[in-house]
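Read the structure below first, then the notes.
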Amino acid sequence: MNRIVFLGTGGGRHMMFSQLRKTGGMYFELGDDKNGLKFVMDPGPGSLVNARSAKLKAEGVEGVVLSHHHIDHSTDANVWLDGLEKPFLIAEEHCVMDKAELGEKDYDYYPCVSPYQRKRVGKLHAVRDRGVVKMKGIRFEAVKSEHYGPTVGFIISTDKFRIGCTSDGRHYPGQESRYEGCNILIMNVLVPKGVEPEEKKHMSVDEAIKFIRGMKKKPKLVILQHFSLWMLRANLWKQEKIMKDATGVQVIHADDFMQVDIDKILSGNATQDDL
Ligand SMILES: [Zn+2]
33 MNRIVFLGTG GGRHMMFSQL RKTGGMYFEL GDDKNGLKFV MDPGPGSLVN ARSAKLKAEG
93 VEGVVLSHHH IDHSTDANVW LDGLEKPFLI AEEHCVMDKA ELGEKDYDYY PCVSPYQRKR
153 VGKLHAVRDR GVVKMKGIRF EAVKSEHYGP TVGFIISTDK FRIGCTSDGR HYPGQESRYE
213 GCNILIMNVL VPKGVEPEEK KHMSVDEAIK FIRGMKKKPK LVILQHFSLW MLRANLWKQE
273 KIMKDATGVQ VIHADDFMQV DIDKILSGNA TQDDL
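Quick note: the sequence shown uses our numbering, first residue 33, plus one each step.
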């Protein structure tokens with residue numbers, strides 16, 4: 033079965049600290065036992081605990097994927113890497129390398145994966161924009177995001193499907209063309225319709241509409257996640273309907289522990305209960 037389980041759908045500092053929405057990232061189970069992978073993406077605080085609560089077999093997870101080093105995306109990377117046997121790690125390069133290693137001076141950050149856990153990783157892939165990693169029939173392509181610091185989204189594809197995960201960041205011209213051909217698009221949308229934040233570092237509903245309208249071939253399903261308190265107060269059902277009406281695409285918001293059956297979505301057999 034190809035599936036995604038949301039181990040948390042909250043995003044940002046306040047949501048992370050309040051845990052009104054959990055912050056565990058996403059669990060992916062793709063392909064079959066011979067050719068496939070189980071991994072977690074952007075495991076923020078609570079990821080492992082939430083995976084256990086969801087009765088997922090944590091021992092079966094083979095690796096971790098990190099889009100950037102922010103706390104709400106990465107603290108449990110160390111937890112997962114500590115428990116797994118020779119896990120793989122695909123991470124935006126600043127998550128694992130310090131300034132000296134990258135030859136950078138100006139940007140102030142610290143790698144979110146501890147040096148100890150980095151040593152325990154079986155296969156380390158430090159990526160930047162356009163970096164590609166292929167593993168057991170799954171292809172990961174990093175796509176730059178415009179966020180506070182270095183961040184990438186990912187396109188995860190097999191010969192059957194293409195899933196886009198934009199990660200954090202505001203919309204930038206040409207971003208949608210990179211995600212062209214995605215069947216499922218998972219967007220981190222933190223700013224409700226009609227709102228102009230002072231700091232434009234996150235995707236808004238207006239920008240997400242522009243993004244989807246700009247795609248030549250529309251995705252079968254757009255899933256909104258990584259919600260701020262702002263989005264929760266603005267009514268997620270209302271926000272997804274605004275996007276659906278504006279784009280003609282099926283748009284849903286994710287809930288904590290929601291499971292998406294990728295095969296059902298692709299075959300068009302998903303009922304309202306499946307969404
Ligand atoms: Zn972030």
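Even glycine gets a Cβ: it sits at the ideal position worked out from N, Cα and C.
Bear in mind that the values here come from a model prediction, so they are computed numbers and not experimental data.
Hey, quick one: how far does the alpha helix (DSSP H) through M167 stretch, first residue to last?
-> No alpha helix (DSSP H) holds M167; the beta strand (DSSP E) holding it covers 164-167.
Would you mind working out which of G206, S79, G226, V97 sits nearest D108, comparing C-alpha positions?
-> S79
Nearest-residue set for ligand 1, Cβ under 7 Å from any heavy atom | H100, H102, D104, H105, H179, Y180, T183, D200
Would you kindly work out how many angstroms separate the C-alpha atoms of K155 and P75, rounded to a whole number?
-> 18 Å
According to DSSP, what are the bridge partners of G185?
-> V175
Going straight from the alpha carbon of R150 to that of E94, what length do you get?
-> 15 Å
Which word fits W269, buried or exposed, when buried means at least 16 other C-beta atoms lie within 10 angstroms of its C-beta?
-> exposed
Just how far apart, CA to CA, sit I255 and V237?
-> In a straight line, the C-alpha of I255 is about 12 Å away from that of V237.
Determine which residues share a DSSP beta bridge with A158 and list them.
-> DSSP output for A158 lists A123 as bridge partner(s).
Are the beta-carbon atoms belonging to G56 and L69 less than 8 Å from one another?
-> Against a cut-off of 8 Å, the Cβ pair of L69 and G56 comes out as no contact.
For D220, three-class secondary structure by DSSP | For the sequence presented, residue 220 should be read as Asn rather than Asp. Note: N220 maps to strand in three-state DSSP.
Measure the CB-CB distance between F259 and A86 and report whether it falls below 8 Å.
-> No, the pair does not count as a contact, with Cβ atoms beyond the cut-off.
Can H203 and K250 be called in contact, C-beta distance under 8 Å?
-> no
CB A158 to CB A123, shorter than 8 Å?
-> yes
Could you have a look at Y180 and say whether DSSP puts it in helix, strand or coil?
-> coil
Is the CB-CB distance between F322 and N220 below 8 Å?
-> One cannot answer for residue 322 here, as it falls past the ends of the chain, which runs 33 to 307.
By how many angstroms is the C-alpha of K66 removed from the C-alpha of P224?
-> 42 Å
From N301 to V292, what distance separates their C-alpha atoms?
-> 12 Å
Selected residue, minimal CA-CA separation from I195, among L217, G181, M247, H101 = Ranked by how close their Cα comes to the Cα of I195, the residues L217, G181, M247, H101 have L217 in first place.
Closest to H234 by CA distance: which of M47, G206, Y180 is it?
-> Y180
Candidates R45, D277, C127, V96: which alpha carbon is nearest R160's?
-> C127
When we look at the beta-carbon of Q51 and count the other beta-carbons within 10 Å, is it buried (16 or more) or exposed?
-> exposed
Start and end of the alpha helix (DSSP H) containing V81?
-> For V81, the enclosing alpha helix (DSSP H) has its first and last residue at 79-85.
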